[in-house]
Amino acid sequence: MPNRIIKESICRSENINQLSAGAEVFFYRLIVNCDDYGRFSADPDLLASLLYPRKRSLKTSTVKKWLNEVAKAGLIIIYENGGETFIQVRTWDKHQQIRNKRSKYPAHTDPDSNVLVDVFNGNHLIANDSKCPRNPIQSNPNKNPIQSESPDGEGVVSGFDLFWSAYPKKVGKKDAVKAWNKINPDESLVKAIIEGVERWKGTEQWNKDGGQFIPYPATFLRQERWNDEVQSIAPKQQAPAEKNYDDDEDFLST
1 MPNRIIKESI CRSENINQLS AGAEVFFYRL IVNCDDYGRF SADPDLLASL LYPRKRSLKT
61 STVKKWLNEV AKAGLIIIYE NGGETFIQVR TWDKHQQIRN KRSKYPAHTD PDSNVLVDVF
121 NGNHLIANDS KCPRNPIQSN PNKNPIQSES PDGEGVVSGF DLFWSAYPKK VGKKDAVKAW
181 NKINPDESLV KAIIEGVERW KGTEQWNKDG GQFIPYPATF LRQERWNDEV QSIAPKQQAP
241 AEKNYDDDED FLST
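For the sequence shown, the numbering used here puts the final residue at 254, and the numbers step up evenly by one.
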């Protein structure tokens with residue numbers, strides 16, 4: 001992979017200045033891992049393992065927090081294509097040299113791509129008071145989350161999108177959409193479904209053997225698996241010498 005250029009202007013960048021210490025280091029690690037077009041996977045699990053290979057205690061939730069910070073600062077565009085989410089670093093071509101003829105990842109401008117977060121063009125998934133549309137779980141309870149639009153008319157943020165983003169096995173999206181539409185969940189049920197997914201993600205069944213026992217999303221919905229009682233994996237005790245990356249205040253301390 002070619003070397004990346006980080007200019008001295010970052011010290012004066014208003015966008016960079018919005019980031020916490022942890023999110024700023026995350027952004028720099030992202031830059032050196034992006035392909036020649038400034039693109040990379042937006043999967044938090046992959047980001048944790050590929051950007052921090054020596055930090056096994058780093059939590060996916062922490063990576064999600066940093067990813068959200070970088071997106072809200074307008075430094076990256078997050079988009080979906082083919083059931084996967086990707087990152088495009090903004091203004092990449094102004095600062096980096098592009099050598100390869102093809103990118104490893106689809107572009108956010110591809111016809112099949114759906115931009116999820118781009119603060120400069122009105123697309124948001126993260127609530128931010130006056131600038132962002134409200135999360136469907138927080139929106140008008142009389143409106144079906146599958147049809148919830150942002151207040152300014154830019155883009156659509158649906159309950160299914162939240163489910164698809166949270167579900168760890170992104171296979172058979174069309175069948176999943178059909179199952180979702182058949183359920184036609186209201187606000188409270190959308191929240192229950194997503195909370196059910198999060199509970200299952202902490203079970204041994206979904207984590208063993210590379211996740212091969214995770215059901216297809218459509219199956220999860222048809223069988224109403226969010227109602228199942230599950231037993232989470234007992235948290236592993238961390239070694240005392242391991243750095244705690246959940247505390248931004250001591251992120252750069254020695």
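From the three backbone atoms N, C-alpha and C, an ideal C-beta is built for every residue, glycine too.
Proximity to residue i [Cα-Cα], best of the options
i	options	result
G22	E14, K64, S13	K64
I193	V89, G159, N81, K174	G159
A218	N181, S103, K201	N181
V177	K191, S188, E187, L162	L162
R54	W206, R29, K191, G83	R29
E84	L116, Q231, E69	L116
Y216	W226, Q231, E204, G172	G172
E198	S165, G82, E24	S165
Y105	L47, S20, V25, Y37	Y37
Exposure of residue i, with buried meaning 16 or more beta-carbon neighbours within 10 Å
i	result
V157	For V157, the predicted model reports a pLDDT of 44, less than 50, meaning its position is unreliable and no value from the coordinates is stated.
Q88	buried
V190	buried
P185	buried
K72	buried
R39	buried
E187	buried
F213	exposed
E14	exposed
V70	buried
beta-carbon residue i near the ligand ZN non-hydrogen atom, thresh 7 angstroms
i	result
V197	As for the ligand ZN, it is missing from this structure, which has no ligand bound.
Beta strand (DSSP E) segment containing residue i, residue limits
i	result
V117	114 to 117
Terminal residues of the alpha helix (DSSP H) in which residue i lies
i	result
Q205	204 to 207
W164	159 to 166
A256	One cannot answer for residue 256 here, as it falls past the ends of the chain, which runs 1 to 254.
Output the residue ranges of the alpha helix (DSSP H) runs that lie fully inside the region 12 to 88 and measure 4 residues or longer, sorted by chain position. Within the region 12 to 88, the runs of alpha helix (DSSP H) that reach at least 4 residues and sit entirely inside it are, in chain order, 14 to 17, 21 to 31, 44 to 51, 60 to 72.
Return the chain-ordered ranges of every alpha helix (DSSP H) run that is complete within the region 174 to 201 and spans a minimum of 4 residues. 187 to 201
Could you check whether the region 37 to 53 touches the region 6 to 19, counting it as contact only if at least three pairs of C-beta atoms, one from each stretch, sit closer than 8 angstroms? no
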